[in-house]
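Worksheet: one structure, shown below.
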Amino acid sequence: MRSFVLSATLLAASFAPLAVSVSAQQLLPAQSEIGFVSRQMGAPVSGRFKTFDAKLAFDPAKPAAANIAFSVDMGSATLGDRETDAELPKPVWFAVAQFPKANFQSTAVKRLDATRFEVAGKLTIKGLSSEVLIPVTLAQTGAQTVATGSFPIKRLTFRIGDQEWSDTSMVADAVQVNFRFTLTGVPKL
Amino acid sequence: MNPVAVRYHLLARVLHALLGLLLVGMFAVGLYMADLPFSPLRLKLYNWHKWAGVVVLTLSLVRLLWRLASPPPALPIGVLGTMPLWQRRAHGVAHVGLYLLFFLVPLLGWAYSSASGFQLVVFGVWPLPDWVPVNETLAGLLKPAHRYAAYALAGLVLVHVSAALKHHFVDRDGLLSRMGFGRVRA
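If you're matching them up, the sequences are chains G and A in order.
Just so you know, we're using this note's numbering here: the first sequence kicks off at 6 and counts up by one.
Just so you know, we're using this note's numbering here: the second sequence kicks off at 1150 and counts up by one.
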């Protein structure tokens, strides 16, 4: 009986790291950022989202089993300029009252090499969805994993800057999204 | 007196006319656009204003260098003789003030744009470096600085134009024709 309990405990302990590593993965928001760069009449204008969250289950050794979901608080967007920031929540841009959150849900994760991965998924902004392919580079130091990457989206796909703002010679259609996520609990690369 | 000798050089006259028109236009557009609600028109005018500001800055530099290389003709003795001391002093101070503001106003506008997070890309093609950091507090200081420097420039331009018109219509001393393109009356 005692040896059974002991072996059961050992068995549980040996599985524990795997179970914990996936379920306890967390995003450290203070050390993470989501930014974007758009162009207004040729001039780059960068902004960022202050509030976002993630649900992660990711093992670099088993990319096919990964599940990565992000939600971004659209009302937290800032360009660092008060006058412009006051415009972003309006219906023509992010329509925050109607669509407070943007979401990303992964559909397939592929490992490219030792540190680089490719995450395919569905991006939903303003209630409109589009497939995106996101290159991600991972770097691990101690218990923390930093995921960085950048990918282009087209703002008009999501009706961001509707109506009088749909002229792409004024505000370019292409918007580059940049991110740096600091994660804990990701298994070793 | 050789009438041609008292004239400003052709380049100086062309730059004077061009910058005069540009500055009046810039001031009017600047006043108008600042009160516009957020709209594509506002964004367009802001960008055109910034691009034109870079043109003003560049032409003012050419103008200053030309002025240093080829100093303008001195005031005619006849005109100078009728000017009281305060007018002769004001003439000097006003021109130094004008030149300072030709540079200060666009530089403050450029800095204000940079501090607000909008890098200058001239004609949407040539990016200019930001020489101040993106900083909301700094932007809040630079905005009125640009505005009041522009008011000061507008004020000096008014004084300058009034003085020139006074010489032309009251004193009838032909001073105005030194900057003109017609026949010189001297």
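Just so you know, even glycine gets a beta-carbon here, dropped at the ideal spot from N, CA and C.
Neighbour flag for residue i against chain A, beta carbons, 9 Å
{"i": "G/ALA48", "result": "yes"}
{"i": "G/SER111", "result": "no"}
{"i": "G/ALA45", "result": "In the sequence on display, residue 45 of chain G carries Gln and not Ala. Yes, G/GLN45 lies at the interface with chain A (some Cβ there is under 9 Å from its Cβ)."}
{"i": "G/SER51", "result": "yes"}
{"i": "G/ASP172", "result": "yes"}
{"i": "G/VAL191", "result": "no"}
{"i": "G/GLU169", "result": "yes"}
{"i": "G/VAL141", "result": "no"}
{"i": "G/VAL176", "result": "yes"}
Three-state secondary structure assigned by DSSP to residue i
{"i": "A/ASP1322", "result": "coil"}
{"i": "G/ASP86", "result": "coil"}
{"i": "G/PHE2", "result": "Nothing in the structure corresponds to residue 2 of chain G, since chain G is present only between 6 and 194."}
{"i": "A/VAL1283", "result": "coil"}
{"i": "A/LEU1192", "result": "helix"}
{"i": "G/GLN30", "result": "coil"}
{"i": "A/PRO1220", "result": "coil"}
{"i": "A/SER1263", "result": "helix"}
{"i": "A/PHE1176", "result": "helix"}
{"i": "G/VAL137", "result": "strand"}
{"i": "G/ALA91", "result": "coil"}
{"i": "A/ARG1212", "result": "helix"}
{"i": "G/ARG44", "result": "strand"}
{"i": "A/TYR1248", "result": "helix"}
{"i": "A/ILE1226", "result": "helix"}
{"i": "G/MET175", "result": "coil"}
{"i": "A/GLY1241", "result": "helix"}
{"i": "A/TYR1157", "result": "coil"}
Identity of the residues DSSP links to residue i by a beta bridge
{"i": "A/TRP1275", "result": "A/VAL1271"}
{"i": "G/GLN110", "result": "G/ALA74 and G/LYS127"}
{"i": "G/THR187", "result": "G/VAL151"}
{"i": "G/ALA146", "result": "The residue you asked about is not Ala; residue 146 of chain G is Thr in the sequence shown. Beta-bridge pairing links G/THR146 to G/GLN149."}
{"i": "G/TRP158", "result": "Contrary to the premise, residue 158 of chain G reads as Ile rather than Trp in this sequence. G/ILE158 pairs with G/VAL180."}
{"i": "G/ILE39", "result": "G/PHE54 and G/PHE184"}
{"i": "G/LYS115", "result": "G/GLU123"}
{"i": "G/LEU61", "result": "G/ILE73"}
{"i": "G/PRO49", "result": "G/ARG44"}
Residue-chain proximity (residue i, chain G), Cβ-Cβ < 9 Å
{"i": "A/SER1265", "result": "yes"}
{"i": "A/VAL1283", "result": "yes"}
{"i": "A/LEU1269", "result": "yes"}
{"i": "A/LEU1291", "result": "no"}
{"i": "A/ALA1288", "result": "yes"}
{"i": "A/GLY1179", "result": "no"}
{"i": "A/PRO1220", "result": "no"}
{"i": "A/GLY1273", "result": "yes"}
{"i": "A/PRO1225", "result": "no"}
{"i": "A/PRO1278", "result": "no"}
{"i": "A/LEU1249", "result": "no"}
Option nearest residue i by Cα separation, candidates the options
{"i": "A/GLY1266", "options": "G/LEU117, G/ASP90 and G/LYS131", "result": "G/ASP90"}
{"i": "G/THR56", "options": "G/VAL141, G/GLU136, G/GLN36 and G/SER43", "result": "G/GLN36"}
{"i": "A/VAL1178", "options": "A/VAL1203, A/HIS1165, A/GLY1169 and A/TYR1195", "result": "A/TYR1195"}
{"i": "G/PHE156", "options": "G/ALA144, G/LEU138, G/ALA29 and G/ALA71", "result": "G/LEU138"}
{"i": "A/ILE1226", "options": "A/LEU1324, A/GLY1331 and A/GLY1329", "result": "A/LEU1324"}
{"i": "G/VAL101", "options": "G/ALA82, G/PHE186 and G/PHE75", "result": "G/ALA82"}
{"i": "A/PHE1246", "options": "A/VAL1205, A/PHE1176 and A/LEU1305", "result": "Reading off the sequence, residue 1246 of chain A comes out as Gly, not Phe. Here the closest residue by C-alpha is A/LEU1305."}
{"i": "A/SER1219", "options": "A/LEU1314, A/ALA1161 and A/LEU1302", "result": "A/ALA1161"}
{"i": "A/ASP1320", "options": "A/GLY1202, A/TYR1181 and A/LEU1229", "result": "A/LEU1229"}
{"i": "G/VAL124", "options": "G/GLY52, G/LEU188, G/GLN103 and G/PHE109", "result": "G/PHE109"}
{"i": "G/VAL180", "options": "G/GLN30, G/LEU33 and G/PRO49", "result": "G/PRO49"}
{"i": "G/ALA66", "options": "G/ASP58, G/VAL114, G/LEU33 and G/LYS106", "result": "G/VAL114"}
{"i": "A/LEU1167", "options": "A/PHE1176, A/ALA1239, A/LEU1307 and A/LEU1208", "result": "A/LEU1208"}
{"i": "G/PHE54", "options": "G/GLY80, G/ALA74, G/ILE73 and G/LEU61", "result": "G/GLY80"}
{"i": "A/HIS1165", "options": "A/LEU1213, A/ALA1183 and A/ARG1191", "result": "A/LEU1213"}
{"i": "A/LEU1253", "options": "A/VAL1173, A/PHE1318, A/ARG1237 and A/ALA1299", "result": "A/ALA1299"}
{"i": "A/LEU1302", "options": "A/GLY1331, A/LEU1185, A/ALA1243 and A/SER1263", "result": "A/ALA1243"}
{"i": "A/ALA1201", "options": "A/LEU1269, A/ASP1322, A/GLY1241 and A/MET1232", "result": "A/LEU1269"}
Original post:
In the region 74 to 93 of chain G, which residues sit with their C-beta less than 9 Å from some C-beta in chain A, listed in chain order?
Top reply: Within the region 74 to 93 of chain G, the residues whose Cβ lies closer than 9 Å to some Cβ of chain A are LEU84, GLY85, ASP86, ARG87, GLU88, THR89, ALA91 and GLU92, listed in chain order.
Original post:
Residues in the region 1183 to 1199 of chain A with C-beta within 8 Å of chain G's C-beta atoms, listed in sequence order?
Top reply: Those would be PHE1187, SER1188, PRO1189, LEU1192, LYS1193 and ASN1196, in chain order.
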